[in-house]
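Down below is the structure, laid out as structure tokens.
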Amino acid sequence: MPRRTSQSKPCPCDEEFPDIPEDIRLGVQSRGGMQAICSSTPKYKQLTSQAKIHHALSDPIRLKVLHLLAVQTLCVCLVKNCLNIADSKLSYHLNILKSAGLIIQEPQGNWIRYSLSETGRFFISFHTMIEHSEYPR
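Going by this note's numbering, the first residue of the sequence shown is number 1, and it counts up by one from there.
Here is the structure:
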């Protein structure tokens with residue numbers, strides 16, 4: 001059984017996990033217990049939204065689209081020309097970026113204009129910052 005000082009309260013994890021390291025037990029206790037720690041994490045809906053963004057950023061083609069749109073709002077034919085990929089493949093990638101909230105699709109007559117959303121601008125500036133930093137690769 002872990003040692004307790006006279007001032008420390010029992011940690012709920014003492015009973016379920018009696019052999020955890022003392023520093024972890026004290027840390028859990030100081031943060032209000034495991035229930036407080038578990039309830040401090042983002043809700044599932046927010047995590048799902050974050051996962052969509054990370055998924056969208058995990059493909060080099062989608063990152064290239066974001067970099068292109070960081071320079072200029074473009075129509076799909078110009079994006080396709082830069083990437084040299086099939087229409088269906090480009091449509092697939094644009095839909096993922098749009099679903100993640102990284103790009104905006106705006107109809108204009110017979111054309112559809114693609115640009116970065118505020119979220120897209122944030123992530124592309126973050127990626128650019130990392131590319132030009134001292135972080136190991």
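For each residue, glycine too, the CB sits at the ideal point set by N, CA and C.
Asked, Found
"Leaving out the 5 sequence neighbours to the left and right, which residues in its chain are closer than 8 Å to Leu-97 when beta-carbon positions are compared?", "Ala-56, Arg-62, Val-65, Leu-66, Ile-103 and Gly-120"
"Using C-beta distances below 8 Å, list every residue in its chain close to Cys-75, excluding the 5 sequence neighbours before and after it, in chain order.", "Trp-111, Ile-112, Arg-113 and Tyr-114"
"Can you look up Ser-115 in the DSSP assignment and give me helix, strand or coil?", "strand"
"Should Ser-99 be counted as a contact of the ligand ZN given a C-beta to heavy atom distance under 7 Å?", "You won't find the ligand ZN in this model; it holds no ligand whatsoever."
"Can you check which of these residues, Lys-80, Asp-59 and Lys-52, is closest to Ser-99 by C-alpha distance?", "Lys-52"
"Report the start-end ranges of each alpha helix (DSSP H) in the region 49-84 that is 4 residues or longer and not cut off at the edges.", "60-71 and 76-83"
"Using only the alpha-carbon positions, how far apart do Lys-40 and Gly-32 sit?", "In the sequence on display, residue 40 carries Ser and not Lys. Their backbone Cα atoms lie some 11 Å apart in a straight line."
"If you draw a straight line from the alpha carbon of Thr-48 to that of Ser-58, how long is it in whole angstroms?", "15 Å"
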